[in-house]
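Below: the structure, in structure tokens.
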Ligand code: NAP
Ligand code: GLV
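In my numbering, the protein residues as written are 86 to 398.
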């Protein structure tokens, strides 16, 4: 069995070592431009188009992340680039949901308790008590009820805030008021005090966090984007923050990454930035999951986590 590996961040060596250890029967190599030698499986993060092109032999492509937007974007731009019979498999949790829960719980508590405002007051040496937000009306809407969003929504119910969830198809999660499909999007948004985005980036979800959506939220709402930059219309967010409709935003992902030095988000008061680290891919957990799936495929058994390319996630 031959496996090619590509890790965009240029640190493929530890992945090569650990994947080879997990699958000693496999011949694993790091893919380099020009490598067209046969391969049964590809394990990739943000691989270039060339890796996928003219590889009818590939049985499956394993994405080293939950979001497969970068791979599907290659196919959208140049249909027929991805091997037609290869399965596209995303990471399922593999330690990410716990990290997302931590980020989400932290931001909900930070904004609920107005800690970001106390940080600013401290910088000005101001001893000032702020009116607390009412927990009962601090409604948090989680966009995306998949592997990550469902776990986040569930964990937020323990904080005593009302929690809503939005997905394409109807989900039932105890303690969460769920909404499904574009027809229920407005009802999901209406009066929410905080949005946490965990949608996949697809043609349907691009730009979903825009002026129209922000207007439906409670005045002085909070936005937390943990999914992908293109979900947000940046200028609409800046305008909504200027008007006070959005009070503050915690952003982990951006249209362009790294966020360009001259982007206004860097200097907009009450925008907090993290460099796409809300839930990082954990090597040990991810390799264990991928190795189990490769072994299942070689035995002819079904696996979970297969992406529906038409749906886009
Ligand atoms: P997932 O399991 O595929 O779940 C996606 C959820 O979004 C599902 O509930 C799905 O609805 C819903 N959805 C998709 N299209 C929709 C639409 N048009 N309208 C309404 N709901 C829609 O994905 P996941 O594993 O939870 O990951 C979510 C995203 O998080 C990834 O795609 C990735 O972009 C991002 N992410 C970011 C980081 C980071 O560090 N910042 C780390 C990991 C992942 P159904 O339930 O009806 O299918
Ligand atoms: C990270 O952004 C992922 O999609 O796993």
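Glycine included, C-beta positions come from ideal geometry on N, C-alpha and C.
Closest residue to residue 290 among 210, 312, 389 (Cα-Cα distance)
312
With DSSP as the reference, label residue 377 as helix, strand or coil.
helix
Of all the alpha helix (DSSP H) runs that stay within the bounds of the stretch 104-144, which reach a length of 4 or more residues?
134-137
Exposed or buried, which one is residue 374 when buried takes at least 16 other CB atoms within 10 Å?
buried
Give the DSSP bridge partners of residue 225, in chain order.
Bridge partners of residue 225: 248, 279.
Assuming contact is defined by CB atoms lying nearer than 9 Å, are residue 335 and residue 294 in contact in what I supplied?
no
Pull up the CB-CB distance for residue 236 and residue 182, whole angstroms please, since I reckon it's below 8 Å.
4 Å
According to DSSP, residue 264 sits in a beta bridge with which residue or residues?
Residue 264 is bridged to 251.
If you measure from the CB of residue 257, is any heavy atom of the ligand NAP nearer than 8 Å?
no
Just reading off the alpha helix (DSSP H) that residue 272 is part of, what are its end residues?
270-274
Need the endpoints of the alpha helix (DSSP H) that residue 309 sits in, please.
It is not in any alpha helix (DSSP H) - residue 309 instead sits in the beta strand (DSSP E) that spans 306-310.
Beta strand (DSSP E) runs wholly inside the stretch 327-360, at least 3 long, in chain order:
331-336, 356-358
Would residue 249 pass as a contact of residue 205 if the rule is Cβ separation under 9 Å?
no
Nonlocal neighbours in the same chain, by C-beta distance under 6 Å from residue 340, ignoring five residues either side:
314, 315
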